[in-house]
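This report refers to the structure that appears directly beneath it.
Number of protein chains: 2
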Amino acid sequence: MTIRRSRDVPALVGAAREGDARAVARLISLVEDGDEALPRIAAALAPHTGEAAVIGLTGSPGVGKSTTTNELVRAFRKAGRRVGVLAVDPSSPFTGGAILGDRVRMQDHATDPGVYIRSMSSRGHLGGLSAATPQAARVLEGAGCDPVVVETVGVGQAEVEIAGLADTTVVLLAPGMGDAIQAAKAGVLEIADIFVVNKADRDGADTTYRDIQGMIGLGERAPGQWRPRVVRCVASRGEGIDELVEAIEAHRAYLTDSGELTARRTRRAEAEIGAIALGALRARMQDLRSGTTLSTLAEEVAAGRSDPYAAAEALLAELR
Amino acid sequence: MTIRRSRDVPALVGAAREGDARAVARLISLVEDGDEALPRIAAALAPHTGEAAVIGLTGSPGVGKSTTTNELVRAFRKAGRRVGVLAVDPSSPFTGGAILGDRVRMQDHATDPGVYIRSMSSRGHLGGLSAATPQAARVLEGAGCDPVVVETVGVGQAEVEIAGLADTTVVLLAPGMGDAIQAAKAGVLEIADIFVVNKADRDGADTTYRDIQGMIGLGERAPGQWRPRVVRCVASRGEGIDELVEAIEAHRAYLTDSGELTARRTRRAEAEIGAIALGALRARMQDLRSGTTLSTLAEEVAAGRSDPYAAAEALLAELR
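Given below as structure tokens:
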């Protein structure tokens, strides 16, 4: 079998389960490209997955996500675990490929067969990122990775969506990147299970730490509900990583003991199913876009002869 | 008429066209809430709009967007123009309201009747932000504002969407917020007509300026096509704002002369119509979500007894 171009789903999934890195790469490429084999891949993986911890790691550009991920991988490897990393770029719809600029920082693990690192973008996927990412995570889990770390760049809707797909969401902040109000504006307070104040040796780190603790204190939560932890790190020197791993494991124990893990995963499956279904509808609408209908309607709207709601109604009538 | 609760669309639009700030506020609230009156508002505004310049202003948290907007407003006011500002928060789907933390910085203009400033979120709107924002901009244009400045926080898909809705997109960067590769990762290179290197008096500003110029130089463009300009500002001291206004006006002239303005606005209308139509479909799917169908499917997927593609297919069968 030539794995590089194969669509032989049972063979690929079998090889991936043996830990064959090329089969893993091929399966993720099929997932990323929204290949027609995707539903069969999903069906083949389903019975073998659903146990691995999925850790989301997110934050603004420049806070040190790659460095922190790198150190987390090192810590999990020391504990003898196989680790999968998905570095997802939700923000560049045009380039058709994730930029690998900072992947070089992860070269530490390039030759370790116990680590699988993959950058992915959301090009052309039915259901977008929120459908592709959990599928790619399942491929990694199928290959024996636990945990799977999903790293996403930027703040925004796409990030919040991805955070919703993780069991445990870690939000990185750095001093001098804007104050706590900025974090609140960016919606990260609501999604974080753990905050990392990275670059904790820099000016302003104490202020950032206190601000975040203050905002966590303001949040209402039921008795027994998880209270987000805040960990100080200097990831570039490996400082605070043990505390971060401990916080991640404490959150995992909370999820399991409280029954929240099952509830989260059911919600996650709901989102995933919804995204795939919505993607299918979107694709159908895209077909109409390439016809004359939408562009004619749009010209009318741009010229002020119609309005977008009337045009949308006309478009939907076309869909039926 | 009690404007605060009115749904009398002709009266509200009439009052807004006279510059009545309460009518403007009420119309934008109706737009933001996705009120059932929205299609009628859109129809009433359509004949009176489509001329005003829409300027998008965006960048990571902490780069100085509010300060720059504030200074831009001052410059446009000096030129005798009425100015509308929409500060859009695309990133917090949970809070149901934009956080007004940094709006205080715009208090300079709070008592100026020639300036209308409004924060908005994307709560519950049919078609999401990309449908609500241009409608709100039309309300401001209907009230005589030209330009309308749309300020968005963060980087990510939502931001890129909004940038697609502006005639001219200004991307703010600041030294020390991450290098040019980070900007490229965030997808901003593709959307910017003008770059502002803000806080240009800080260390690293020259490097940021050179990096951006370098990346612009690498881009391919057709003869006569706009080459993104880079402006250095220290917005907190008002420095570089005249140059920014000049760049915005040069871009406007380019858009008009090249015919690109009509082309962009038609594309914008296409996106808007598509978003409204997709929002209607999404709402219909949400109705199904609250039923048992989706949650039953999701439990099966979470337990590994089904996969999300099979479940999505079952869900879509339900929709028809």
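Residue numbers (the working numbering), protein chains in the order written: chain Y, 1 to 320; chain W, 1001 to 1320.
Glycine included, each C-beta is placed from N, C-alpha and C at the ideal position.
None of these values were measured; they are calculated from a predicted model.
With a cut-off of 8 angstroms on the beta carbons, I'd call residue i and residue j a contact; round off their distance for me.
i         : j         : result
W/TYR1209 : W/VAL1230 : 6 angstroms
Y/GLY56   : Y/THR169  : 4 angstroms
Y/VAL63   : Y/LEU172  : 4 angstroms
Y/LEU140  : Y/VAL245  : Y/LEU140 to Y/VAL245, Cβ: 19 angstroms. No contact.
Y/GLY259  : Y/ALA200  : About 34 angstroms; that fails the 8 angstroms criterion.
Y/TYR309  : W/PRO1039 : 4 angstroms
Less than 8 angstroms between CB atoms is the rule here; does residue i satisfy it with respect to chain W?
i        : result
Y/GLU299 : yes
Y/ALA11  : no
Y/GLY274 : yes
Y/TYR309 : yes
Y/SER258 : no
Y/ARG265 : yes
Y/LEU38  : yes
Y/ALA42  : yes
Y/SER295 : yes
Y/PRO175 : no
Y/THR133 : no
Y/PRO47  : yes
Between residue i and residue j, what straight-line distance do the alpha-carbon atoms span, to the nearest angstrom?
i         : j         : result
W/ALA1280 : W/ARG1237 : 46 angstroms
W/GLY1323 : W/ASN1198 : No information on residue 1323 of chain W is available, as it lies outside the stretch 1001 to 1320 that chain W covers here.
Y/ASP211  : Y/LEU315  : 48 angstroms
W/GLU1018 : Y/GLN213  : 48 angstroms
W/ARG1074 : W/LEU1261 : 25 angstroms
W/ALA1053 : W/ALA1253 : 11 angstroms
W/LEU1045 : Y/ILE276  : 36 angstroms
Y/ALA192  : Y/GLY34   : 29 angstroms
Y/VAL150  : Y/ILE248  : 14 angstroms
Y/ARG282  : W/ALA1087 : 28 angstroms
Y/ALA137  : Y/SER295  : 38 angstroms
Y/ALA166  : W/VAL1083 : 43 angstroms
W/TRP1226 : W/PHE1195 : 13 angstroms
Y/HIS48   : Y/ASP242  : 30 angstroms
W/LEU1027 : W/SER1006 : 9 angstroms
W/HIS1251 : W/PHE1076 : 16 angstroms
Y/ILE216  : Y/ASP206  : 15 angstroms
Y/ALA302  : W/LEU1218 : 33 angstroms
Y/ARG22   : Y/GLU36   : 20 angstroms
W/ASN1070 : W/HIS1109 : 8 angstroms
W/ARG1029 : W/GLN1135 : It should be pointed out that residue 1029 of chain W corresponds to Ser in this sequence rather than to Arg. If you take the alpha carbons of W/SER1029 and W/GLN1135, they lie about 11 angstroms apart.
W/PRO1228 : W/GLU1272 : 25 angstroms
Y/VAL13   : W/GLU1190 : 37 angstroms
Y/GLU300  : Y/THR152  : 39 angstroms
Y/ARG221  : W/SER1119 : 28 angstroms
Between residue i and chain Y, is any beta-carbon pair separated by less than 8 angstroms?
i         : result
W/LEU1255 : no
W/TYR1209 : no
W/ARG1105 : Residue placement at W/ARG1105 is poorly supported in this model, since its pLDDT is 43, which falls under 50; the coordinates are not used for a value here.
W/GLY1304 : yes
W/PRO1147 : no
W/GLY1050 : yes
W/THR1068 : no
W/MET1285 : yes
W/SER1060 : yes
W/SER1119 : no
W/ALA1205 : no
W/THR1169 : no
W/LEU1315 : yes
W/ARG1026 : no
W/ARG1007 : no
W/THR1262 : yes
Assuming residue i is part of the alpha helix (DSSP H), what are its boundary residues?
i         : result
Y/LEU321  : Nothing can be reported for residue 321 of chain Y, as the shown portion of chain Y is limited to 1 through 320.
Y/VAL31   : 21-32
W/MET1315 : The sequence given here has Leu at residue 1315 of chain W, not Met. 1308-1319 is the extent of the alpha helix (DSSP H) around W/LEU1315.
W/ILE1117 : It is not in any alpha helix (DSSP H) - W/ILE1117 instead sits in the beta strand (DSSP E) that spans 1115-1120.
W/VAL1230 : Counting along the chain, W/VAL1230 falls outside any alpha helix (DSSP H), though it belongs to the beta strand (DSSP E) covering 1229-1232.
Y/ILE3    : Neither: Y/ILE3 is in no alpha helix (DSSP H) and is coded neither H nor E.
Y/ARG210  : 205-218
W/ASP1017 : First, the amino acid is wrong: residue 1017 of chain W is Arg here, not Asp. W/ARG1017 -> alpha helix (DSSP H) spans 1009-1017.
With hydrogens ignored, establish whether the beta-carbon of residue i is closer than 7 angstroms to any heavy atom of the ligand COA.
i         : result
W/VAL1170 : Absence of the ligand COA is noted for the structure shown, with no ligands found whatsoever.
Starting from residue i, trace the beta strand (DSSP E) in both directions and tell me its first and last residue.
i         : result
W/GLY1084 : 1083-1088
W/VAL1196 : 1194-1197
W/LEU1173 : 1168-1173
Length at least 4, wholly inside the segment 1037-1079 of chain W: the alpha helix (DSSP H) runs in chain order: 1038-1045 and 1065-1078, all fully within the segment 1037-1079 of chain W.
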